[in-house]
Amino acid sequence: MSNAERMNAVNDSERTAAAIAPPQKWVNAGPDEGALHALLDRIVEHVPREQIDVLWIFPTRVAGGVESTVIVIARFDEDAERRTVATAHFRVTRDRRGRATVALQMQEHGSAPIGATQRVVDGVLRRLGDEVGREAPRRVEIGGTASAWWELYADVGGEVPEGALAGADDADENGAQGAERGTDDADEKGAHGEEPQTDDADEKGAHGEEPQMGDAAENGAQGEDPETGEPAPVP
1 MSNAERMNAV NDSERTAAAI APPQKWVNAG PDEGALHALL DRIVEHVPRE QIDVLWIFPT
61 RVAGGVESTV IVIARFDEDA ERRTVATAHF RVTRDRRGRA TVALQMQEHG SAPIGATQRV
121 VDGVLRRLGD EVGREAPRRV EIGGTASAWW ELYADVGGEV PEGALAGADD ADENGAQGAE
181 RGTDDADEKG AHGEEPQTDD ADEKGAHGEE PQMGDAAENG AQGEDPETGE PAPVP
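In the numbering used here, the protein residues as written are 1 to 235.
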């Protein structure tokens, strides 16, 4: 085979391989604003992490090129026995390079006693209908703690800041100890708050008149009338 024939054979092979191989897909190497951990970042921009009690995270649904993700939030209420229920509905679209554009709709649905929170959530889900589909959500208890939040964040692919988990544990522990100390201090004050006054009063009651009585008795012993202070008549 001549050199020309070999060259033509190589070119034919390259053209055949190019026809079979799919075109190379561009990969977006930047941060994915549509990833679940990035959506969690957007939630805490509206609801402080320490106010989040429970999350219900529904699987992302894709329809017509739109990624739809619904997260139901139960947040602490001013009344400790109630929770406020809200939804975060994300719609993510992507360009040809995979870069995400995120639209967020936050909606509050009112508050309910802790025992009735699930019924409120169920009602919200019925209204959302096809937006959440029939797949069960992932229920995550945060309890307002940083440690639970960062564990979830890491579990869904987020990069946890260095030392965040250790710092979160310390913060949660300090918060719990602070609340406990406050309760203990209040109990101790309630138990002992009146003792110093009572002791002082008892001490004054026990000793406050002694000097006068002692002076009177002494004066009487020295020949003075205890009432008038005049010398007592000598018998």
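Note that the Cβ used here is the ideal one computed from N, Cα and C, for glycine as well.
This structure is a prediction, so every number in the text was calculated from the model and none was measured.
With three or more CB-CB distances shorter than 8 Å, the segment 146-166 counts as touching the segment 30-44.
Inclusion of residue 73 and residue 52 in the CB contact set at 8 Å is warranted, their separation being smaller than that value.
Contact between the segment 117-124 and the segment 88-96 is absent: fewer than three C-beta pairs spanning the two stretches fall below 8 Å. Restricting attention to 131, 139 and 143, the CA atom closest to the CA of residue 62 is found in 131.
Each residue's CA atom was taken as its position, placing residue 79 and residue 64 some 42 Å apart.
Here residue 128 is not near residue 150, since their CB atoms are 8 Å or more apart.
Judged by DSSP secondary structure, residue 67 falls outside any alpha helix (DSSP H) and instead within the beta strand (DSSP E) spanning 66-76. Less than 8 Å separates the beta-carbon of residue 54 from that of residue 139.
The DSSP-derived three-state label of residue 115 is helix. In this chain, the alpha helix (DSSP H) harbouring residue 43 covers 36-46.
Taken through DSSP and simplified to helix, strand or coil, residue 123 comes out as helix. In this structure, the straight-line span from the alpha carbon of residue 101 to that of residue 40 is close to 15 Å. In this structure, residue 112 lies away from residue 134, with their beta-carbon atoms at least 8 Å apart. If you check the CB distance, residue 137 and residue 43 do not come in under 8 Å. Residue environment analysis places residue 66 among the exposed positions, since fewer than 16 neighbouring C-beta atoms fall within 10 angstroms of its C-beta. Of the candidates 98, 31 and 75, the residue whose Cα lies closest to the Cα of residue 107 is 75. Collapsing the DSSP output to three states places residue 131 in a helix. Listed in chain order, the non-local C-beta contacts of residue 103 below 6 Å within the same chain comprise 91, local neighbours out to five positions each way being set aside. Look at residue 138 here: in three-state DSSP terms it is strand. When 69, 59, 30 and 85 are compared, the shortest CA-CA separation from residue 124 is found for 85.
Between residue 145 and residue 109, the CB-CB gap reaches or exceeds 8 Å.
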